[in-house]
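In mature numbering (1 follows the signal peptide of the UniProt record, and there is no 0), the protein residues as written are -17 to -1, 1 to 444. For every residue, glycine included, the Cβ atom is placed at its ideal position computed from N, Cα and C. Notes for the one structure printed next.
Laid out in structure tokens, this is it:
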């Protein structure tokens, strides 16, 4: 590890030890989303509809594809052991099972029929109690309103409870004709569903329910998703809160390609980011943090800023690593979390650096003059993206009065780091560390002065 980065991490460890003693907590986290889960995966056919995706392709996608996605997003904390079955023929025509593409219009009796008929078809050879979760894959090419009707959804906890504004999700016990029961998580995804779609609904299942809410909620706009007057559901129309910055909002970036990763909010809710990996900073304070890339994991992965009204900010570092390489932008992302919002009504919003709704340029970056600062005057919060060292990015939580001086010092430090990377001049490391130390001590003018000099010579030019 380079000396500069190693010293930065030591700095972060010192700061971290202080934060854990003062933290206000991360909010509810799942206790059931870690470890290995046994998932029964059944590909079902209909008498009047033929598959279009080879079952070998489906098998690879739901076992290897979903498995690798879960492994990376959980930092190795969660895994899947799959029992794959297929094809299993259902008794009735596709039309008897087809559901609406709009959440609010889904007929849950048809979902019960799909699950019940699938369980009945395999009950002689299946001990349902041996599985944590159950996935059904309709073997028919599906698009909104075509094929099975809805490409992917979570049935339990979810559609079986009737998804509406303010609904209360619960685990419904399903039975086969022979009386065998299953009360675990159930999700459904068509044969052509993207891995991000399977993962989206699996994460609902995996996280579970807390105080009458799904711990990992949908982060798109429910009202717009179910607005038939706007046409068939599309990400462009209803992913209005977070855009493509979490698969719980938008399942993938480009059709036919792997999905992007999840946000710090979703990882925290799943219990994959621990308390010691989140820096808690109160409004009005000035605090430096070095964030590891969220997609890779590391010592510090997010900053939480609690506000008086119960909402809070989450700050994270998104870099083109792993599944996050699918994202169109990289840098510091600021999330606004409203934990009391109904699911589908703005639980989390990305506060885009380039303006509301501009998810393609959502990150804050030190080198981008119009995207180099987030300011919330009402709550006395200013968030500054700082220098980048390899995959790590610094963040300063402060107040508006320090914005100019801290930003100037940060740019000087970044210039020094960049220069050192080109010249390979190891003697500069001492200067960098001195400048960083002064910055950490909130001595921003001093930090700037140190950073623009080398051996007493001004290097601004």
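Check whether residue i and residue j have beta carbons under 8 Å apart
i: residue 327; j: residue 201; result: yes
i: residue 48; j: residue 114; result: no
i: residue 71; j: residue 25; result: yes
i: residue 169; j: residue 138; result: yes
i: residue 343; j: residue 242; result: no
i: residue 251; j: residue 380; result: no
i: residue 360; j: residue 276; result: no
i: residue 212; j: residue 229; result: no
i: residue 399; j: residue 418; result: yes
i: residue 86; j: residue 209; result: yes
i: residue 465; j: residue 370; result: Nothing about residue 465 can be read from this structure; the chain reaches only from -17 to 444.
i: residue 84; j: residue 145; result: no
Close beta carbons around residue i, own chain, < 6 Å, minus the five adjacent residues each side
i: residue 189; result: 16
i: residue 102; result: 159
i: residue 111; result: 163 and 165
i: residue 175; result: 36 and 124
i: residue 449; result: Lying outside -17 to 444, the shown extent of the chain, residue 449 is not represented and no answer is given.
i: residue 279; result: 304
i: residue 23; result: 66, 114 and 117
i: residue 285; result: 247, 261, 297 and 299
i: residue 149; result: 325
Cβ-based neighbour list, residue i, same chain, cut-off 7 Å, excluding 5 preceding and 5 following
i: residue 141; result: 152 and 187
i: residue 193; result: 11
i: residue 425; result: 269
i: residue 41; result: 26, 120 and 174
i: residue 312; result: 343, 344, 345 and 346
Option nearest residue i by Cα separation, candidates the options
i: residue 117; options: 203, 93 and 97; result: 97
i: residue 51; options: 65, 39 and 38; result: 65
i: residue 300; options: 368, 234 and 361; result: 368
i: residue 423; options: 385, 225 and 85; result: 385
i: residue 281; options: 156, 304, 309 and 292; result: 304
i: residue 156; options: 317, 404, 147 and 143; result: 143
i: residue 354; options: 236, 132, 230 and 337; result: 337
i: residue 256; options: 28, 56 and 27; result: 56
i: residue 131; options: 147, 90 and 253; result: 90
i: residue 253; options: 232, 325 and 199; result: 199
i: residue 33; options: 374, 22, 8 and 77; result: 77
i: residue 298; options: 235, 94 and 376; result: 376
i: residue 262; options: 237, 236 and 296; result: 296
i: residue 79; options: 126, 106, 29 and 53; result: 29
i: residue 63; options: 204, 185, 95 and 349; result: 185
Simplified DSSP assignment, three categories, for residue i
i: residue 117; result: strand
i: residue 205; result: helix
i: residue 4; result: Note that residue 4 scores 31 on pLDDT, short of 50, meaning its location in the model is unreliable and no value can be drawn from it.
i: residue 126; result: strand
i: residue 79; result: helix
i: residue 412; result: helix
i: residue 349; result: coil
i: residue 50; result: helix
i: residue 86; result: helix
i: residue 385; result: helix
i: residue 402; result: helix
i: residue 62; result: strand
i: residue 445; result: Any question about residue 445 goes unanswered here, given that the chain covers just -17 to 444.
i: residue 319; result: strand
Burial state of residue i (16 or more Cβ within 10 Å)
i: residue 433; result: buried
i: residue 383; result: exposed
i: residue 314; result: buried
i: residue 264; result: buried
i: residue 214; result: exposed
i: residue 183; result: buried
i: residue 31; result: exposed
i: residue 497; result: It is not possible to answer for residue 497, since the shown part of the chain is limited to -17 through 444.
i: residue 20; result: buried
i: residue 88; result: exposed
i: residue 405; result: exposed
i: residue 221; result: buried
i: residue 332; result: buried
i: residue 259; result: exposed
i: residue 197; result: buried
i: residue 59; result: exposed
i: residue 409; result: exposed
i: residue 232; result: buried
i: residue 292; result: exposed
i: residue 108; result: exposed
i: residue 147; result: exposed
8 Å CB neighbourhood of residue i in its chain, flanking five on each side removed
i: residue 294; result: 319, 320, 321 and 322
i: residue 388; result: 427, 428 and 431
i: residue 340; result: 223 and 226
i: residue 13; result: 189, 190, 191, 193, 198, 199, 252, 253 and 254
Residue i Cβ short of 7 Å to the ligand NAD heavy atom set
i: residue 363; result: Looking at this structure, you won't find the ligand NAD or any other ligand, since it has none at all.
8 Å Cβ cutoff, residue i in contact with chain B
i: residue 380; result: The displayed structure is made up of one protein chain only, and chain B is not part of it.
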